Amino acid sequence: MGGPSIETVSLTKKYGDFTALSDLNLRLEGSKCVGFLGPNGAGKTTTLKMLADLIFPTSGEAFLNGVSVREDRKRALENCGALIETPEVYPSLTPREALRLVADIRGVPPAEQPARIDEVLAEVKMSEWADKKVGKFSKGMKQRVNVAATLVSDPPIVMLDEPSTGLDPRGMAEVREIIRGLKRHNRLVFFSSHILSEVTEVCDEVALINRGKLLFYDTIEGVMSKYADGTPTIEVTFSAPVPYEAAARVAALEHVEACKWLDPARLHMAVGGGRAGQASVFEAIAGMRLGAIGFREAGSTLEQIYMQQIERGDQT
Amino acid sequence: MSADTAEGVPTAAPPPASRLPGTFDQVLILARWQWRDYLRSRRFLILFAIITIVGVILTGVTAYFRPAFINSPAALYATLWGGAVTIPIVFAGIFFGSDAIAGEFQNKTGYFLMGLPIRRVTVYAAKYLAALFASFVVLVYFAAIVLANGAFYLGADAFPWQFGASFLLATVYLLALLGFTFLFSSLFKTSSYATLLTAVLFLFGFNILAAVISGLARSEPWMIISYSSGIIGNVFLDPYPPHVVPASPGGPPFATYNPTIETGVAIMLAYLVLSAVAGLWFFERKEFS
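So the sequences go chain by chain: R and C. Take 987 as the starting number for the first sequence in the working numbering and just add one per residue. Take 110 as the starting number for the second sequence in the working numbering and just add one per residue.
So this is what it looks like as structure tokens:
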């Protein structure tokens, strides 16, 4: 076997007539970071919960390092740190105690525990709060403790369900940095998110799920080359509403393939011709003196692919 | 990574040795942390306050009225201990048992715990053990209050042997009652439902049911756990009360029943075992959804 692995075989979860996850077949193996993308209710958390044995599949199976989670949750989760939803730590415990509880259960030798706990607390920037009761913490602080708890035994597999939930922008950036750090430690990181920039920034591969079905799983580059149509969308912002006649002239510019006015002062347009085409359109709009104050790509290419695939999935 | 065999055929390297503690060790580890959680909780203090109030009332009433039973060791302990010990036991069940499992779902602490490599049976057993220990501390505290009363009225060396037997039976009742409250706790995901059900049943529900069964159905209410608790007080009586007391003029218009020690213990143990099996069955199938 080549390193840590996560596998789902025909994993399905139904609640009555509603299918939360349908026949998911996914195999992640080796040291890498895989982003699990999808809109709210797509089945991301359902999948991760079944991988952590918090809920049970209607059919199919989930494996961690080749061990069936349902058959032997203790052995399956032995080498896996899982942060699902936003768990509550026992309020009477301090972060240091909560991490000792985790370390004890996971069998981290007592001699190694103090240094390891200090290390992960520093990693999540909670050293200062290490000996304060968790009950008084904000949601973001608790989530940092939860992230630390998944790392305290240094597991080769880390599963994170929207780990930046509840964190402020600085906290989110720190979580991204932690995930980047995890990759450097020869781990398989599987984390769900609907923040596409986060996924693009830290992941090697991405799996997209919608309405309980896997739409694709590939490397970021593979996704770009397979699904990107090559025509980026540019957002142009004007200081004042653009008259109808001027809007028609903008739409008629060379390299502009499609136009969509979001409001009278904001426009999305598909611009062909690569960078040169974009430069030409930018100069032409500036020359029209319509009060253009912004000209930028509307979202990342991954975001556009995400939207296309989700819309396509919704239509079928 | 691979390792070569003597024949030079590469084989997969053996997985790293597991350093996870065994199931029994994990039970003890988690029970220790749960106990620590109980110790710091407000409920522990509240329960001690309730038991203190009960103790003060018993002591005060006895001191004020000076009833005849204070001259007989067996009668004194039968009244102060045998007549009141189910109160701390029931309250301990309500405070420590009823939300032990349901609370993990309601408070979302279960997401913290169940993401760890630990079996559900381990969690169930550890929480039971911690609740039992916390409840036992409360029981010992109440026993100390009663013993202090006994020592005051009868001297420090006038403890009847029945007190030891009764304490043992009370402990078995505690085991059974906690097991039963854990079953309720496994049925719900909301602590308040489990707590309410435990309180209603043990504070008056079961007693009403036992009275209805013996009074209206005219049969022994052997299936009611609180009926079995009668042995805790009866053990002080000499002779031990008859199993069936027939209806008599001036008495209740129907036969009343007293469980034998054997029957009482059997009912308690049956509740303990069946509750544990059923509670675990529900907990094993309950989803964190």
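All C-beta atoms, glycine included, are put in the ideal place defined by N, C-alpha and C. Since we're looking at a predicted model, the values are computed, not measured.
Do you know how far the Cα of residue j is from the Cα of residue i?
i	j	result
G1273/R	Q1290/R	29 angstroms
A1028/R	L1201/R	11 angstroms
Q1295/R	L1007/R	17 angstroms
G288/C	K298/C	17 angstroms
A1159/R	A1251/R	32 angstroms
R175/C	A252/C	20 angstroms
F157/C	V247/C	7 angstroms
A1062/R	L1050/R	5 angstroms
F1022/R	N1172/R	19 angstroms
R1275/R	A1284/R	22 angstroms
Y1203/R	E1191/R	7 angstroms
Y336/C	L238/C	25 angstroms
V995/R	L1034/R	14 angstroms
K1246/R	S1211/R	25 angstroms
T188/C	M332/C	25 angstroms
F1176/R	P1142/R	11 angstroms
A211/C	E396/C	12 angstroms
F245/C	L1012/R	50 angstroms
V1138/R	E1109/R	11 angstroms
G1277/R	I1220/R	16 angstroms
G1052/R	E993/R	8 angstroms
A121/C	K1199/R	Residue placement at A121/C cannot be trusted, given a pLDDT of 39 that sits under 50; the coordinates are not used to answer.
E981/R	M1036/R	For chain R, the structure presents residues 987 to 1302; residue 981/R sits outside this window and is missing.
F1004/R	F221/C	27 angstroms
G1167/R	I254/C	58 angstroms
Y1292/R	A1270/R	30 angstroms
L1040/R	E1231/R	59 angstroms
L1153/R	N1026/R	18 angstroms
R229/C	D1058/R	11 angstroms
F204/C	I1181/R	43 angstroms
P119/C	R1156/R	Caution is warranted here: a pLDDT of 37 is assigned to P119/C, below 50, making its placement in the model unreliable, and the coordinate value is therefore given only provisionally. Roughly 49 angstroms between the two C-alpha positions.
D1249/R	A1038/R	45 angstroms
T290/C	A193/C	20 angstroms
A1265/R	G1280/R	13 angstroms
L1288/R	K1125/R	30 angstroms
L1107/R	G1093/R	19 angstroms
Under 7 angstroms, do residue i and residue j count as touching if we go by C-beta distance?
i	j	result
V374/C	A364/C	no
L191/C	G342/C	First, the residue type needs correcting, since residue 191/C is Gly and not Leu in the sequence shown. Result yes, Cβ atoms of G191/C and G342/C sit closer than 7 angstroms.
G1260/R	H1241/R	no
L1014/R	L997/R	no
E1064/R	L383/C	no
L1091/R	L278/C	Per the sequence shown, residue 1091/R should be read as Ile rather than Leu. Their beta carbons are not under 7 angstroms apart, which means I1091/R does not touch L278/C by this criterion.
G1067/R	V1144/R	yes
G206/C	E213/C	no
V1188/R	R1162/R	yes
F391/C	L296/C	yes
F293/C	L306/C	yes
A356/C	P348/C	no
Y282/C	I162/C	no
D1147/R	E1071/R	yes
Q135/C	T231/C	yes
F200/C	I227/C	no
T1032/R	K1000/R	no
S1178/R	K1018/R	no
V1055/R	V1120/R	no
L1069/R	P990/R	no
Report buried or exposed for residue i, applying the criterion of at least 16 other Cβ atoms within 10 angstroms of its Cβ.
i	result
A1193/R	buried
E1297/R	exposed
G360/C	exposed
I166/C	exposed
L284/C	buried
E1207/R	exposed
K1122/R	exposed
R1082/R	buried
D113/C	Here D113/C scores only 39 on pLDDT, less than 50, and its place in the model is too uncertain to base an answer on.
P123/C	Interpretation of P123/C is limited by its pLDDT of 46, a score under 50 that renders its predicted location unreliable; the figure taken from the coordinates is listed afterwards. When all chains shown are included, P123/C counts as exposed.
G117/C	Confidence at G117/C is low in this model, with a pLDDT of 39, below 50, so the placement of that residue should be treated as unreliable; the coordinate-derived value is given next. G117/C is exposed by the Cβ-count criterion.
G1024/R	buried
E1114/R	exposed
N258/C	buried
F1224/R	buried
### Task
Evaluate contact between the segment 306-314 of chain C and the segment 138-154 of chain C, counting only Cβ atoms and requiring at least three cross-stretch pairs below 8 angstroms.
no
### Query
If you scan the segment 1026-1079 of chain R from start to end, which runs of the alpha helix (DSSP H) of 4 or more residues do you find wholly inside it?
Runs found: 1030-1037 and 1059-1062.
### Task
Jot down the residue ranges of each uninterrupted alpha helix (DSSP H) in the segment 185-210 of chain C, minimum 4 residues, whole runs only, in chain order.
Whole alpha helix (DSSP H) segments, 4+ residues: 195-201.
### Task
Please list the segments of the alpha helix (DSSP H) lying wholly inside the segment 1072-1124 of chain R, counting only runs of 4 or more residues, in order along the chain.
1081-1092 and 1099-1109
### Task
Within the segment 1177-1207 of chain R, note down every full alpha helix (DSSP H) run reaching 4 residues or more, in order along the chain.
1182-1188
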